[in-house]
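Numbering (this note's numbering), first residue to last: 1 to 433.
Don't be surprised by glycine CBs; every beta carbon is placed ideally from N, CA and C.
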RNA sequence: GUGGCUGUAGCUCAGUUGGUUAGAGCGCCUGACUGUGGCUCAGGAGGCCGGGGGUUCAAGUCCCCUCAGCCACCCCA
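The following block contains the structure:
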């Protein structure tokens, strides 16, 4: 048992797993870049107040899930999501004055003090995009489509793109009144949770899973019946644009997102095979957030995709294995005898300078064991440098895929020769089991 | 934060109604002509049985606490 373990809800990304993570990163990045989004890298922590303002005071995240650090008179919080930071950076660099419409993407760790379970960690990676400065419904469609394209590019199947609108502030206030009037008379009949939700967030009462509450909600008011014409028109155009893009989607009236800043279009990507926590990612429009953070009224929309659920989905679909494993080190130098300790060090460095990835034994292993190490490291060529070779001014170069070995003079073009040997043995070992 | 399940070698797991020196497969190390991998064979190392306390003549096995993971809830990527 190790003395220390990683903090709860965190994990080490060991070398074997890095290629898989990178695969996800690169695939998403490639898709996103195709739509003109540019990467932005804000700090991992912000003034605590930024999240209070953006996410909302009465959200679970702000109330109990923030990693906050107090030093003297400053309080910073490790970001629980990316949007607030991006908007803050947008305003701080005066984009709203110089280049009001911008499209950003980001990737990096987020932090939430939650109880961990499958697909939920306290430090987790998200890839996200934020398009700030336009209310064009075609942009909503683009953003929604990009997320789906990321999943498609990863080879995932069976995910669903669910969209909804939560209207603007007026729409919701109007609807809140309607719902309050609907629920209040029979409040006593609802479950305990719902009676709590009544005061905090009435809308949640409408999608309670308890059977009794479902019965009570059978004739509940429908939001879309109470929205303004502009809200409805926007939502309609979003759907038309999605169809134009060839993006499959379904409307799910129950989508309500966890942050206060969302307006109008909200969406979620779901994959039921993930279990109870079936969301791959989600996002929405946030037309009031820029203003809320002391900028000019500026419409915007974005999403964030959880890397953890993507990894789980890839693993479930059997698409992860091919990306797991330690990156190969194509050239390994086997030394025999103490007399070649320094010559081997020099030779390795010369080969590296010529652009090869080279390693050698630092454990004092026998030649046989060094060969085994080379194999395990997926080396494709071994350079044997022993006392005998050194005396003759040569090295033995053994190709591990063909097993052929040839003697080459030390003063010949060794890097070139090794390159030649590596390139004449294409992909032999990748076809092994 | 609430409830439930689980925790034995590096990994995946066996371990009978509590009973002697806790096992297997894989992996790791060594060896099979004192300098040559993969395959095979032989041998070897490696476990405070998650941690702490308790019951008992005796605890990996039973009880309590704690930590961690998983599952569900709240909520959420």
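By the Cβ neighbour-count rule, residue 375 is exposed, with fewer than 16 other Cβ atoms within 10 Å of its own. Here residue 169 carries a helix assignment [DSSP, helix/strand/coil]. If you ignore the 5 residues before and after residue 293, its C-beta comes within less than 7 Å of the C-beta of 53, 54, 87, 88, 91, all in its own chain and listed in chain order.
Close CB contacts of residue 257 within its chain, under the 7 Å cut and outside five residues either way in sequence, are with 266, 282, 284 (chain order). Residue 376 is bridged by DSSP to nothing; it lacks a bridge partner.
For the stretch 345-390, the full-length beta strand (DSSP E) segments reaching 3 residues or more read 358-360, 381-386 along the chain.
Going by DSSP, residue 270 is part of the beta strand (DSSP E) stretching over 263-270. Residue 280 has its alpha-carbon roughly 18 Å from the corresponding atom of residue 301. A residue is called buried once 16 or more other Cβ atoms fall within 10 Å of its Cβ, and residue 346, having fewer, is exposed.
In the pairwise beta carbon analysis, the stretch 233-240 is classified as touching the stretch 131-142: at least three pairs are separated by under 8 Å.
With respect to the 9 Å criterion, residue 223 and residue 167 are classified as neighbours on the basis of their beta carbons. Annotation for residue 348: 333, 358, 360 place their beta carbon closer than 6 Å to its own, counting only its chain and skipping 5 residues before and after.
Look at residue 54 here: in three-state DSSP terms it is helix.
Secondary structure in the stretch 295-331: the alpha helix (DSSP H) runs of 4 residues or longer, each lying completely within the stretch, are 307-316 in chain order. The stretch 313-320 and the stretch 146-157 touch, with no fewer than 3 CB-CB distances between them shorter than 8 Å.
For residue 103, no alpha helix (DSSP H) segment is defined; the enclosing uninterrupted segment is the beta strand (DSSP E) at 102-111. Look at residue 85 here: in three-state DSSP terms it is helix.
Burial is judged here by how many other beta carbons sit within 10 angstroms of a residue's own beta carbon; residue 213 has at least 16 and is buried. Straight-line measurement puts the Cα of residue 306 at about 16 Å from the Cα of residue 113. When the five nearest sequence neighbours on each side are left out, the beta carbons in the same chain lying within less than 6 Å of the beta carbon of residue 144 are those of 267, in order along the chain. Counting along the chain, residue 64 sits inside the alpha helix (DSSP H) bounded by residues 60-64.
Beyond the five residues adjoining it in sequence on each side, residue 172 comes within less than 7 Å, by CB distance, of 166 in the same chain, given in chain order.
Assigned with DSSP and collapsed to three states, residue 125 falls in strand.
By the beta-carbon neighbour count (other beta carbons within 10 angstroms, threshold 16), residue 127 is buried. Counted as a single uninterrupted DSSP element, the beta strand (DSSP E) harbouring residue 67 occupies residues 67-71. For residue 293, the secondary structure class from DSSP, reduced to helix, strand or coil, is coil. Under the three-state reduction of DSSP output, residue 254 falls in the coil class, being neither helix nor strand. With contacts defined by Cβ atoms closer than 9 Å, residue 396 and residue 389 form a contacting pair.
Per the C-alpha coordinates, the member of 130, 109, 129 positioned closest to residue 120 is 109. Residue 133 is not a Cβ neighbour of residue 260, given a cutoff of 9 Å. By the criterion of at least three beta-carbon pairs nearer than 8 Å, the stretch 73-80 is in contact with the stretch 38-52. With fewer than 16 other Cβ atoms from the protein chains shown falling within 10 Å of its own Cβ, residue 15 counts as exposed.
When the alpha-carbon of residue 117 is set against those of 290, 403, 362, 274, the nearest one is in 274.
Of all alpha-carbon atoms in 415, 398, 80, the one lying nearest the alpha-carbon of residue 356 is that of 415.
Residue 22 and residue 206 have their C-alpha atoms some 41 Å from each other. Taking C-alpha positions only, residue 373 is separated from residue 362 by approximately 11 Å.
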